[in-house]
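Engineer: Quick one: structure below, then a few questions.
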Amino acid sequence: FPVTNNAPYPYNRVMKTKNGHVQEFDDTPGNQRYHRYHPSGSFVECDSEGNEVRKIVGDKFSIIEKDGNVFIAGNCNITVEGSCNIRVMNNCNLEVDGSLRANIKNDIDMIASGCFNLNVKETFKIRADNMLIETTKFNHKNIGPMVYETNTLDTTVLDAHTSKATTYGLKTIGSSTFNSGENFNIKSTGKTTFNAGDEFQVTASKLAVETNLHVKDKL
1 FPVTNNAPYP
11 YNRVMKTKNG
21 HVQEFDDTPG
31 NQRYHRYHPS
41 GSFVECDSEG
51 NEVRKIVGDK
61 FSIIEKDGNV
71 FIAGNCNITV
81 EGSCNIRVMN
91 NCNLEVDGSL
101 RANIKNDIDM
111 IASGCFNLNV
121 KETFKIRADN
131 MLIETTKFNH
141 KNIGPMVYET
151 NTLDTTVLDA
161 HTSKATTYGL
171 KTIGSSTFNS
181 GENFNIKSTG
191 KTTFNAGDEF
201 QVTASKLAVE
211 TNLHVKDKL
């Protein structure tokens, strides 16, 4: 807010040094204020309503050898034109009673030397033009229904891959292809059903079928 100065004589007490330091104490009724000015242009002023303006034309350092607390009853705005570095040498806790929104106009890099846990009570959405997950070990446990809906899904597994679910459904609108460099096993303790609206093709250099039930061939 703008610095106000409406001090009639003789309410304003001014002290000015030879090198340009100025200190004012204004006792004007309804406009009480104090003002301290440094020759560099730095100053601090408090008006009659208790509003304070502090300008520092150089650098600022605040050193607190014990605890520090900041309480703001209203809104708070922080603008940094340059880079901003925050270092916490112990634990850091962020608690927000309302919503939290971060608008990042460039990249985000997060590095955790330990575990990284995300707990979401409601919906958790991820939307990306290209999504890449690299891991030495991947474990997925789904308690309720799991639905994959995508135009194209490419999954490449360099080692063993196991999918286990109480109910597992895979539905694609277009073509589906499963390529395995080695063995491909499907195991079900219950009923396994393959339904094809057109042809059902099986190509193999050797085909073995083992069953305890009678199989009826219909060509």
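Residues 1 to 219 in my numbering are what the sequence shown lists, from first letter to last.
Ideal Cβ positions, reconstructed from N, Cα and C, are used throughout, including at glycine.
Bear in mind that the values here come from a model prediction, so they are computed numbers and not experimental data.
Distance check for Gly-68 and Ser-62, CA to CA, integer angstroms please.
Structural biologist: If you number the sequence shown from 1, residue 62 lands on position 62. If you number the sequence shown from 1, residue 68 lands on position 68. Computed Cα separation, rounded: 11 Å.
Engineer: Report the three-state DSSP secondary structure of Met-15 (helix, strand or coil).
Structural biologist: The count along the sequence shown starts at 1 and reaches residue 15 at position 15. Three-state result, Met-15: strand.
Engineer: Return helix, strand or coil for Gln-201, following the three-state DSSP convention.
Structural biologist: Counted from its first residue, the sequence shown places residue 201 at position 201. Gln-201: coil per DSSP, three-state reduction.
Engineer: Starting from Asp-27, trace the beta strand (DSSP E) in both directions and tell me its first and last residue.
Structural biologist: Looking up residue 27 in the sequence shown gives position 27. Asp-27 -> no beta strand (DSSP E), and no H or E assigned at all.
Engineer: Three-state secondary structure (DSSP) at Phe-61?
Structural biologist: Counting from 1 along the sequence shown, the entry for residue 61 is found at position 61. Reduced to three states, the DSSP call for Phe-61 is coil.
Engineer: Return the CA-CA distance between Ile-104 and Met-110, expressed in angstroms with no decimal places.
Structural biologist: Working through the sequence shown from its first residue, we reach residue 104 at position 104. Working through the sequence shown from its first residue, we reach residue 110 at position 110. Near 13 Å, if we compare the C-alpha coordinates of Met-110 and Ile-104.
Engineer: Pull the bridge partners of Phe-43 from the DSSP assignment, please.
Structural biologist: Taking the sequence shown and counting its residues from 1, the one referred to as residue 43 is at position 43. Phe-43 is bridged to Tyr-37 and Lys-55.
Engineer: Nearest-angstrom Cα distance between Ala-204 and Val-147?
Structural biologist: Taking the first residue of the sequence shown as position 1, residue 204 is located at position 204. Taking the first residue of the sequence shown as position 1, residue 147 is located at position 147. The straight-line gap from Cα to Cα measures roughly 31 Å.
Engineer: Which of helix, strand or coil does DSSP assign to Val-80?
Structural biologist: Against the sequence shown, residue 80 aligns to sequence position 80. Looking at Val-80 - three-state DSSP - the assignment turns out to be coil, as it is neither helix nor strand.
Engineer: State the beta-bridge partners of Val-22 as determined by DSSP.
Structural biologist: Within the sequence shown, residue 22 is the residue found at index 22, counting from 1. The partner list for Val-22 (beta bridge, DSSP) reads Lys-16 and Tyr-37.
Engineer: Report yes if the C-beta distance between Phe-43 and Tyr-37 is below 7 Å; otherwise report no.
Structural biologist: Within the sequence shown, residue 43 is the residue found at index 43, counting from 1. Within the sequence shown, residue 37 is the residue found at index 37, counting from 1. For Phe-43 and Tyr-37, yes; Cβs fall inside 7 Å.
Engineer: By Cβ distance, which residues of its chain are closer than 6 Å to Met-15, with the 5 residues on each side in sequence left out?
Structural biologist: For this step, residue 15 is matched to residue 15 along the sequence shown. Around Met-15: Gln-23.
Engineer: Pull up the distance between the alpha-carbon of Asp-27 and that of His-21, whole angstroms please.
Structural biologist: Working through the sequence shown from its first residue, we reach residue 27 at position 27. Working through the sequence shown from its first residue, we reach residue 21 at position 21. The alpha-carbon atoms of Asp-27 and His-21 are separated by roughly 20 Å.
Engineer: Going by beta-carbon coordinates alone, are Gly-74 and Val-57 separated by less than 7 Å?
Structural biologist: Numbered from its first residue, the sequence shown carries residue 74 at position 74. Numbered from its first residue, the sequence shown carries residue 57 at position 57. Going by C-beta atoms, Gly-74 is not nearer than 7 Å to Val-57.
Engineer: Tell me, to the nearest whole angstrom, how far the beta carbon of Glu-45 is from that of Val-53; I am working on the premise that it is less than 8 Å.
Structural biologist: Stepping through the sequence shown from its first residue, residue 45 is reached at position 45. Stepping through the sequence shown from its first residue, residue 53 is reached at position 53. Going by Cβ atoms, the distance from Glu-45 to Val-53 rounds to 5 Å, so yes, they are a contact pair.
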